[in-house]
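J.: After the structure tokens below, expect a handful of questions from me.
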Amino acid sequence: MRDVTPWPLRSADRTGAPAAPMDLSTLSVGQYDFIANAFSFGLAVMVATTIFLWFSRSHVAPAYKMAITISGLVTAIAGYHYLQIMLSWESAFSVTNGTIETTGYAYNQAYRYVDWLLTVPLLLVELILVMRLSRSETVSKSVTLGGAAALMIILGYPGEVAEGGATRFLFWVLSMIPFVYIVYQLVVGLKGSISKQPENVRGLINGAATLVVVSWLFYPIVYLFPLIGLTGGAAVTAVEVGYTVADIVAKAVFGILILTIAMRKSEAESNASA
Ligand SMILES: *C/C=C(C)/C=C/C=C(C)/C=C/C1=C(C)CCCC1(C)C
112 MRDVTPWPLR
122 SADRTGAPAA
132 PMDLSTLSVG
142 QYDFIANAFS
152 FGLAVMVATT
162 IFLWFSRSHV
172 APAYKMAITI
182 SGLVTAIAGY
192 HYLQIMLSWE
202 SAFSVTNGTI
212 ETTGYAYNQA
222 YRYVDWLLTV
232 PLLLVELILV
242 MRLSRSETVS
252 KSVTLGGAAA
262 LMIILGYPGE
272 VAEGGATRFL
282 FWVLSMIPFV
292 YIVYQLVVGL
302 KGSISKQPEN
312 VRGLINGAAT
322 LVVVSWLFYP
332 IVYLFPLIGL
342 TGGAAVTAVE
352 VGYTVADIVA
362 KAVFGILILT
372 IAMRKSEAES
382 NASA
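As structure tokens, then:
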């Protein structure tokens, strides 16, 4: 019979193969706790940011309310998934008398990917909305950038759950194609639109586009950790904590930056009309 145990729980002795690079059975209690704490911190940040962003909607002009609603929606979706990730992590292990064992329940990587599939296009929409471009430009940029973002996540998943390093690398390469397209659009494609932004926010909008590029760059690098010599518990810790830190920067810090831009533009526009 084919072994259908999801990737993280396959261990060397059950498959007869050498330990997979991200074998969860080699995790120490300390690494398990550290990762659990990182997830808990991620959850707290996402919940707090959602509340803060949604309450701050009243401080921006009507034209920017949708951008703030969506920023809070992104952290709300992420908060929900961090709760699920935390629960899945806890049920995948049992710790007794200072020793750790896998329980047989799979730690579910799909929560992260479903989260990204929803939130990554929305993050780009946040940026596009706060720029307040023409209606047709808003729609076309949202569709092309959002579509490329979704494709990038879909192409990454098969490699994330694959056991072999070769498959992981192949899907890394495929997913990098839409990734490079998005980076190009943010660095070069938005230049014209950014130069038309009011002077007091041009720097901030450039900063937001740069924050997207830099924080998103984390993900394909973290994904490669198991392929560049990190193995076992160290690889699992680097990947899980790495993604969590990147999520906090890309969603919460970015959301606050979008709010700041929206507040400045609202203020400038009300001064101009007064
Ligand atoms: C809030 C979550 C965010 C901003 C997630 C972003 C994720 C990426 C930019 C992922 C990119 C990947 C590649 C470019 C190649 C390898 C596979 C991925 C999915 C990790």
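The working numbering puts the first residue of the sequence shown at 112, with every later residue one more than the last. Glycine included, C-beta positions come from ideal geometry on N, C-alpha and C.
I believe tyrosine 292 touches alanine 259 by the beta-carbon criterion, under 8 Å. Please report the beta-carbon distance rounded to the nearest angstrom.
T.: 5 Å between Cβ atoms; contact.
J.: Quick check on the DSSP output: the beta strand (DSSP E) that includes lysine 204 runs from which residue to which?
T.: This sequence places phenylalanine at residue 204; lysine is not what is there. 204-207 is the span of the beta strand (DSSP E), which, as asked, contains phenylalanine 204.
J.: Would you say serine 136 and threonine 213 are within 7 Å of each other, going by their C-beta atoms?
T.: Closer than 7 Å, so yes.
J.: Apart from the five residues just before and just after leucine 301, which ones in its own chain have a Cβ nearer than 7 Å to its Cβ?
T.: Closer than 7 Å at the Cβ level, and outside the excluded window around leucine 301, lie Ala320.
J.: Could you pull the DSSP bridge partners for isoleucine 211 from this structure?
T.: In the DSSP output, where bridge partners are listed per residue, isoleucine 211 has Val206.
J.: What three-state label does DSSP hand lysine 252 in the structure shown?
T.: In this structure, lysine 252 counts as helix in the three-state DSSP scheme.
J.: Run the Cβ filter for me: residues under 6 Å from any heavy atom of ligand 1, listed in the order they occur in the chain.
T.: Residues with a Cβ closer than 6 Å to any heavy atom of ligand 1, in chain order: Trp227, Thr230, Val231, Leu234, Met263, Ile264, Gly267, Trp283, Ser286, Met287, Phe290, Trp327, Tyr330, Pro331, Tyr334, Asp358, Ala361, Lys362.
J.: Let's test the definition: count the other Cβ atoms within 10 Å of the Cβ of proline 173 and tell me whether it reaches 16, buried, or not, exposed.
T.: Exposed is the call here.
J.: Taking a contact to mean a Cβ-Cβ separation below 7 Å, would you say valine 187 touches threonine 207 in this structure?
T.: Note that residue 187 is alanine in the sequence shown here, rather than valine. Not closer than 7 Å, so no.
J.: So, for isoleucine 181: in the same chain, excluding its five sequence neighbours on each side, which residues have a beta-carbon less than 8 Å away from its beta-carbon?
T.: Excluding sequence neighbours, isoleucine 181 sits near Leu233, Val236, Glu237, Leu240.
J.: Please report the distance separating the alpha-carbon of serine 151 from that of glutamate 274.
T.: For serine 151 and glutamate 274, the distance between alpha carbons rounds to 27 Å.
J.: Taking just the CA atoms, how far does alanine 203 sit from glutamate 271?
T.: Using only the alpha carbons, I get a separation of about 18 Å.
J.: Tell whether a beta-carbon distance below 7 Å holds between alanine 345 and proline 337.
T.: Cβ atoms of alanine 345 and proline 337: not closer than 7 Å.
J.: If you draw a straight line from the C-alpha of phenylalanine 145 to the C-alpha of serine 286, how long is it?
T.: In a straight line, the C-alpha of phenylalanine 145 is about 29 Å away from that of serine 286.
J.: Mind checking proline 289: buried by the 16 CB within 10 Å criterion, or exposed?
T.: Buried is the call here.
J.: Could you tell me which whole alpha helix (DSSP H) segments of length 4 or greater appear in the segment 272-317?
T.: 276-295, 302-306, all fully within the segment 272-317.
J.: If you follow the alpha helix (DSSP H) that aspartate 358 is part of, which residue opens it and which one closes it?
T.: It spans 343-358 - the alpha helix (DSSP H) in which aspartate 358 sits, taken as one unbroken run.
J.: Of the residues Phe282, Thr355, Gly141, which one's Cα is nearest the Cα of leucine 335?
T.: Among Phe282, Thr355, Gly141, the Cα nearest to that of leucine 335 belongs to Phe282.
J.: With a threshold of 8 Å on Cβ separation, who are the neighbours of arginine 349 within its own chain once the five nearest residues in sequence on each side are excluded?
T.: In the sequence under discussion, the amino acid at residue 349 is alanine, which differs from the arginine named in the question. These residues qualify, in order along the chain: Val333, Phe336, Leu341.
J.: Where does arginine 243 fall in DSSP's three states?
T.: Arginine 243 falls in the coil class under three-state DSSP.
J.: What residue range is occupied by the uninterrupted alpha helix (DSSP H) comprising lysine 362?
T.: Segment: none, lysine 362 is in no alpha helix (DSSP H) and carries neither H nor E.
J.: With the cut-off set at 7 Å, would you say valine 324 and leucine 297 are in Cβ contact?
T.: Yes.
J.: Which residues mark the beginning and the end of the alpha helix (DSSP H) in which serine 167 is found?
T.: 140-167 is the span of the alpha helix (DSSP H), which, as asked, contains serine 167.
J.: Assuming valine 225 contacts lysine 362 (C-beta within less than 8 Å), just tell me the rounded distance between them.
T.: About 15 Å separates the two Cβ atoms, so there is no contact after all.
J.: Is valine 140 near isoleucine 211, with beta carbons less than 7 Å apart?
T.: Yes. Within cutoff.
J.: Distance, Cα to Cα, leucine 228 vs tyrosine 354?
T.: If I take the Cα positions, the gap works out to 14 Å.
J.: Output the distance between the C-alpha atoms of glutamine 308 and serine 326, rounded to the nearest integer angstrom.
T.: Cα-Cα distance, rounded: 23 Å.
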